[in-house]
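Numbering (this note's numbering), first residue to last: 103 to 556. Using N, Cα and C, we set each Cβ at its ideal position, and we do this for glycine too.
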């Protein structure tokens, strides 16, 4: 505890770091206040049915969690930052196939600015489509027509769509300002603060359920908290675990103006290949496809097979739902890793810089070797990711846990919180270490030193 307090004092003593943290907290507060402002013309009192459906989980629950409740509040930030994330994913995937985007990626800072501008315009286009769909979808989600005080005429639709699009663009601006002027990745912090906003209420509901209903009492609550900490530690291992590939660089010694000899026993470095290179994207992709079985079941009408499909795959804590969910996560983990980890480019860059993997020829042999290593570590990584993703269903089934609280025991929410927290702590660490202070992590060492290897 004394060590922690000393670190907090050291953070306060660094003017730049203190200012960045203050700016970050202020902008996050602005985002949370905006999430409580309801779109003009909608009665917030009549949105209770929407909140109840979001509490059931699924994609609707994830959207509500990512927006910190703004989705069910019909807030000006109801669309959240998800359109920007969707646009970023689309641009990233298009960059693999479109030569123009590949050229921009190689142009450094100017190319990055152009790509960011393309992403912003694509975000606006996605918002223009999603905003009317959200407004019309409120009725399908159980919101009564009387909630629309002024009706849903052209004037209401135009003004509401404009507000929703502006809200997303403003949230995107907040995220970029946090990245530039604050600490950590702004977009990720906006998502994390939205997820954390639901944590106190979910835990309170679980606590009341255990204590007041004589459903295990305080002892079971304590067991749940210990289990939660264990899951967080396992998630940290998943996020940080890497396989280090040794790399040797030629060391040249020169005498005068001419190179006299070249030594192959130069500095030894490592290529860190992550156990989970795809992050939470496989879970997001798989979650988006989990509506397909219910839709297919509806095509079979009232037949026994159609009824079975709709009943089994509409329960996000059901057995068949989670079996299919886990399989899709494994498949998408391999797909996304193959799309985003360019082993060919890594091999070319290594050859160009005069480096090589001991015992492996530069060029195609190095590329094939790296690809084989990625395949070998991606398989256990995908199983690990799938296990964490379906773990909320396990605790609901075997521990009788409240569904809202169970969602924090795995899946997208937990992995995002862990990943963003680690990234932010590392940035704070870099400021402390540059000023010769001990960091927040053990003995102030860098991530590379404490990263577990496999």
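When you compare the CB positions of residue 249 and residue 127, do they come within less than 8 Å of one another, or not? no
On the CB-based measure, 16 or more other CB atoms within 10 Å of its CB, does residue 171 come out buried or exposed? buried
Through-space distance from residue 229 to residue 281, alpha-carbon basis: 22 Å
Assign residue 319 to one of three DSSP states: helix, strand, or coil. The DSSP-derived three-state label of residue 319 is helix.
Using a threshold of 8 Å, state whether the C-beta atoms of residue 388 and residue 431 are closer than that. Cβ atoms of residue 388 and residue 431: closer than 8 Å.
From 467, 492, 511 and 444, residue whose alpha carbon lies closest to that of residue 198: Per the C-alpha coordinates, the member of 467, 492, 511 and 444 positioned closest to residue 198 is 444.
Considering only the beta carbon of each residue, do residue 189 and residue 225 sit closer than 8 Å? Note that the C-beta distance between residue 189 and residue 225 is below 8 Å.
Between the alpha carbons of residue 537 and residue 129, how many angstroms are there, rounded? 26 Å
For a minimum of 3 consecutive residues, which ranges assigned as the beta strand (DSSP E) are wholly contained in the segment 154-234? Inside the segment 154-234, DSSP marks no whole beta strand (DSSP E) run of 3 or more residues.
Integer Cβ distance of residue 465 from residue 447, believed to fall under 8 Å: Incorrect: roughly 13 Å between the Cβ atoms, too far for contact.
Which partner residues does residue 458 have in the DSSP bridge list? Per DSSP, the beta bridge partners of residue 458 are 350.
In the DSSP assignment, what are the bridge partners of residue 144? 250
Please state the DSSP three-state secondary structure of residue 371. strand
Helix, strand or coil, according to DSSP, for residue 122 in the structure here? Note: residue 122 maps to helix in three-state DSSP.
Using 8 Å for Cβ pairs, my map puts residue 288 next to residue 278. What's the rounded Cβ distance? That pair is a contact at about 6 Å.
Residue 115 to residue 125 span [Cα, whole Å]: Going from the Cα of residue 115 to the Cα of residue 125 covers about 16 Å.
Alpha carbon of residue 457 to alpha carbon of residue 468, nearest angstrom: 11 Å
Is it true that the CB of residue 437 sits closer than 8 Å to the CB of residue 495? No; because the gap between Cβ atoms is not below 8 Å, this pair is not in contact.
Can you tell me the Cα-Cα spacing of residue 239 and residue 232, whole angstroms? 10 Å
Return yes when the Cβ of residue 203 is within less than 8 Å of the Cβ of residue 193, no when it is not. yes
Three-state class that DSSP yields for residue 345 in the structure shown: strand
Can you list, in chain order, the residues of its chain whose CB lies under 6 Å from that of residue 402, leaving out five sequence neighbours each side? The residues are 408.
Cβ-Cβ distance between residue 200 and residue 273 below 8 Å: no
Buried or exposed for residue 515, going by 16 or more other Cβ atoms inside 10 Å? Buried is the label assigned to residue 515, since at least 16 other Cβ atoms lie within 10 Å of its Cβ.
Considering only DSSP beta bridges, list what residue 376 is partnered with. Note: residue 376 sits in a beta bridge opposite 344.
In the structure shown, what three-state DSSP assignment does residue 360 receive? Interpretation of residue 360 is limited by its pLDDT of 41, a score under 50 that renders its predicted location unreliable; the figure taken from the coordinates is listed afterwards. Three-state DSSP puts residue 360 in a strand.
Using CA atoms only, rank isn't needed, just tell me which of 121, 343, 349 and 392 is closest to residue 377. 343
Mapping the DSSP letters down to three states, classify residue 392 as helix, strand or coil. coil
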